[in-house]
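Going by the numbering used here, the first residue of the sequence shown is number 203, and it counts up by one from there.
One structure is given below, encoded as structure tokens.
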Amino acid sequence: MSQSITAPKLALYHYHACPFCAYTRQALDKLKLNVERRDIQKSAQHRRDLIAGGGSKQVPCLRIEREDGQVKWLYESQDIVSFLVHYSQQTDLIA
Ligand SMILES: N[C@@H](CCC(=O)N[C@@H](CS)C(=O)NCC(=O)O)C(=O)O
């Protein structure tokens, strides 16, 4: 698939110099997933939201808003990439 997929219900909390974040950003690029990126070093609000919502300031963290409005905060770069691969496969089936 050559077009990018916009995933409005996903947001990646990250910062530029974090290698684990770079790994997840590379996965987004490779999968052509257009996910909002929230840099916690550039935005104090994003940093506060991450700590308040996810419970830790660790990045990367993927905020996942489900259809029913439930929000899940997914930490750990490996788990995030696995989720994104699965997500993009599902989206491929729908598209
Ligand atoms: N095992 C984690 C490591 C993530 C990690 O160490 N992130 C660092 C930045 S590169 C961090 O957020 N450290 C601050 C903290 O853990 O509170 C992963 O793979 O995502």
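Built from N, CA and C at the ideal position, the CB exists for glycine as well.
Quantities reported herein were computed from a predicted structural model and do not represent experimental measurements.
If you follow the beta strand (DSSP E) that residue i is part of, which residue opens it and which one closes it?
i: residue 232; result: Note, residue 232: premise wrong, no beta strand (DSSP E); alpha helix (DSSP H) at 221-233.
Go through its chain and collect everything with a Cβ distance to residue i's Cβ below 7 angstroms, but skip five positions before and after it.
i: residue 252; result: 215, 242, 259 and 263
i: residue 276; result: 263, 264, 266, 282 and 285
i: residue 223; result: 216, 217, 261 and 262
Measure the Cβ-Cβ separation of residue i and residue j and say whether it is below 8 angstroms.
i: residue 287; j: residue 233; result: yes
i: residue 273; j: residue 255; result: yes
i: residue 226; j: residue 279; result: yes
Does DSSP put residue i in a helix, a strand or coil?
i: residue 282; result: helix
i: residue 261; result: coil
i: residue 203; result: Low confidence applies to residue 203: its pLDDT is 48, below 50, so where it sits in the model is not reliable, and the reading given next is rough at best. Here residue 203 sits in coil by DSSP.
i: residue 217; result: coil
i: residue 240; result: strand
Can residue i be considered in contact with ligand 1, in the sense that its beta carbon sits closer than 7 angstroms to one or more heavy atoms?
i: residue 222; result: yes
i: residue 261; result: yes
Using a Cβ-Cβ cutoff of less than 6 angstroms, which residues in the same chain neighbour residue i once the five nearest sequence positions on both sides are dropped?
i: residue 240; result: 213, 215 and 248
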